[in-house]
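Visitor:
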Amino acid sequence: VAGLPETELSRLRSPQVGSTEQHGPHLPLDVDIRISAHLCREAAAAASAPVLVAPPLPVGVAEHQMGFAGTISLSPESFMGTLYDIGHSLVRHGVERLAIVNGHGGNEAAVALVAQRLRLEGGARRVIYCSGWALSAAAFEPLRESPPGGVAHACEYETSVCLHLCPELVDAAAAVREVEEVAVEGTRFDLLDPGPYGAAVGRDFSRSGVQGDPTLASAEKGRVACEGAVAALARLLDELAADR
Ligand SMILES: [Zn+2]
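Note that the sequence shown covers residues 1 to 244 in our numbering.
Structural data, given as structure tokens:
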């Protein structure tokens, strides 16, 4: 590829995707991209393989949060087209392996479809995708105090990570607990303990914009969650680099 030194060609890129959306009265709008960008930067530095981090895509599919002011949403078609074009641009410069790191639940289905398309139609040799909270799960779960439904949105997990990464942007006094009171077990939405049903529209489940229990958050929980996720992602990137 003209203009790129030979050694750059097989390097990994890690597109990071998130969202700009309301996160209750106590967190900033950019929580999701802030978390995934942090995980990408730290994991790229920790991995043994050479990893380059692509610029973050700070808006995603957030229609389910449009009932709350501050949310910016791309249509699924716009988001998928943009993410595909970013990945495909890298492939056109000779990048063979892509890891898409997602920080926003509303992007999950679209990210999976774009990853598949980049692999099958876009010329990428390997494409993996993962979510920040899933990378954190093994480290965070032992510290978790909230019941099912306590880790969903602007919750114990996201607030803890923000208290670790950007405490100056957290208004802890404004944090409110909203855990769904449901009649049927298994219908609570929870990132780490999902029931069989998804939450289609945030307004249907939350008055404040919070889904979960941010009052149980701590910077220490956030530190452990981030370090666990960074280690898991670094391992994943090294496996991706080694996979022939
Ligand atoms: Zn979030």
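Just so you know, even glycine gets a beta-carbon here, dropped at the ideal spot from N, CA and C. Small disclaimer: the values here were computed from a predicted structure and weren't measured.
Determine, using beta carbons only, whether Leu233 comes closer than 7 Å to chain B.
Guide: Absent from the structure is chain B; it holds one protein chain and no more.
Visitor: When the Cβ atoms of the segment 168 to 180 are set against those of the segment 124 to 142, are three or more pairs found closer than 8 Å?
Guide: no
Visitor: With distance defined between alpha-carbon atoms, name the residue in His38, Gln22 and Leu29 nearest to Gly252.
Guide: Nothing can be reported for residue 252: it is not among the residues displayed for the chain, which extend from 1 to 244.
Visitor: Look at the alpha carbon of Val101 and the alpha carbon of Arg126, and state the distance between them as a whole number of angstroms.
Guide: In the sequence shown, residue 101 corresponds to position 101, counting from 1. In the sequence shown, residue 126 corresponds to position 126, counting from 1. About 14 Å.
Visitor: So, are the CB atoms of His153 and Gln211 less than 7 Å apart?
Guide: One-based indexing of the sequence shown puts residue 153 at position 153. One-based indexing of the sequence shown puts residue 211 at position 211. Yes, the Cβ-Cβ distance between His153 and Gln211 is below 7 Å.
Visitor: Please name the residue in Ala47, Gly87, Cys155 and Thr20 whose C-alpha comes closest to that of Leu192.
Guide: Sequence index remark: in the sequence shown, residue 192 carries index 192 (1-based). Answer by Cα proximity: Cys155.
Visitor: Counting pairs of Cβ atoms below 8 Å between the segment 39 to 47 and the segment 75 to 95, do you hit three or more?
Guide: no
Visitor: Near Pro56, which residues of its chain fall below 6 Å by C-beta distance, leaving aside the five closest residues on each side in sequence?
Guide: Position 56 of the sequence shown holds residue 56. Around Pro56: Gln16, Ile33 and Ala37.
Visitor: Would you list the residues sitting across from Ser73 in a DSSP beta bridge?
Guide: Taking the first residue of the sequence shown as position 1, residue 73 is located at position 73. Looking at the DSSP assignment, Ser73 forms a beta bridge with Gly60.
Visitor: Compute the Euclidean distance between the alpha carbons of Ser206 and Pro147, then round it to the nearest angstrom.
Guide: Taking the sequence shown and counting its residues from 1, the one referred to as residue 206 is at position 206. Taking the sequence shown and counting its residues from 1, the one referred to as residue 147 is at position 147. If you take the alpha carbons of Ser206 and Pro147, they lie about 17 Å apart.
Visitor: DSSP state of Gly3, grouped into three classes?
Guide: For the purposes of this step, residue 3 is identified with residue 3 of the sequence shown, where counting begins at 1. Its pLDDT being 34, under 50, Gly3 is placed unreliably by the model, and nothing is read from it.
Visitor: Go through its chain and collect everything with a Cβ distance to Ala234's Cβ below 7 Å, but skip five positions before and after it.
Guide: In the sequence shown, counting from the first residue as 1, residue 234 sits at position 234. Once the five neighbours on either side are set aside, the close Cβ partners of Ala234 are Ala43, Ala46 and Ala47.
Visitor: Helix, strand or coil for Ser36, going by three-state DSSP, please let me know.
Guide: For the purposes of this step, residue 36 is taken as residue 36 along the sequence shown, with counting starting at 1. Ser36 falls in the helix class under three-state DSSP.
Visitor: How is Ser206 classed by DSSP in three states: helix, strand or coil?
Guide: Mapped onto the sequence shown, residue 206 falls at position 206. Coil.
Visitor: Mind pulling the beta strand (DSSP E) runs of 3 or more residues that sit fully within the segment 96 to 154?
Guide: 97 to 102, 126 to 131 and 151 to 153
Visitor: Please report the distance separating the alpha-carbon of Gly87 from that of Ala112.
Guide: What you label residue 87 is simply residue 87 of the sequence shown in a count that begins at 1. What you label residue 112 is simply residue 112 of the sequence shown in a count that begins at 1. Their Cα atoms are separated by approximately 13 Å.
Visitor: Cα-Cα, which of Val230, Tyr129, Val61 and Val170 is closest to Gly106?
Guide: Against the sequence shown, residue 106 aligns to sequence position 106. It is Val61.
Visitor: Might you give, ordered along the chain, the residues of its own chain that have their beta carbon closer than 7 Å to the beta carbon of Ala225, omitting 5 neighbours on each side?
Guide: If you number the sequence shown from 1, residue 225 lands on position 225. Ser136, Ala139, Phe140, Tyr157, Ser160 and Val161, listed in sequence order.
Visitor: Which value, in whole angstroms, describes the spacing of the CA atoms of Ala232 and Ser131?
Guide: Residue 232 sits at position 232 when you count from the first residue of the sequence shown. Residue 131 sits at position 131 when you count from the first residue of the sequence shown. Their backbone Cα atoms lie some 11 Å apart in a straight line.
Visitor: By Cβ distance below 8 Å, which residues in the same chain neighbour Ala242 in space, the five residues on each side in sequence not counted?
Guide: Translated into positions along the sequence shown, residue 242 becomes position 242. The beta carbon of Ala242 sits closer than 8 Å to the beta carbons of Ala49 from its chain, once the five residues preceding and following it are set aside; these are given in chain order.
Visitor: Is DSSP giving Leu233 helix, strand or coil here?
Guide: Against the sequence shown, residue 233 aligns to sequence position 233. In the structure shown, Leu233 sits in a helix (DSSP, three-state: H, G or I).
Visitor: Where Val114 and Glu121 are concerned, what is the direct C-alpha to C-alpha distance, given to the nearest angstrom?
Guide: Here the question's residue 114 lines up with position 114 in the sequence shown. Here the question's residue 121 lines up with position 121 in the sequence shown. Straight across, the Cα-Cα distance linking Val114 with Glu121 is about 10 Å.
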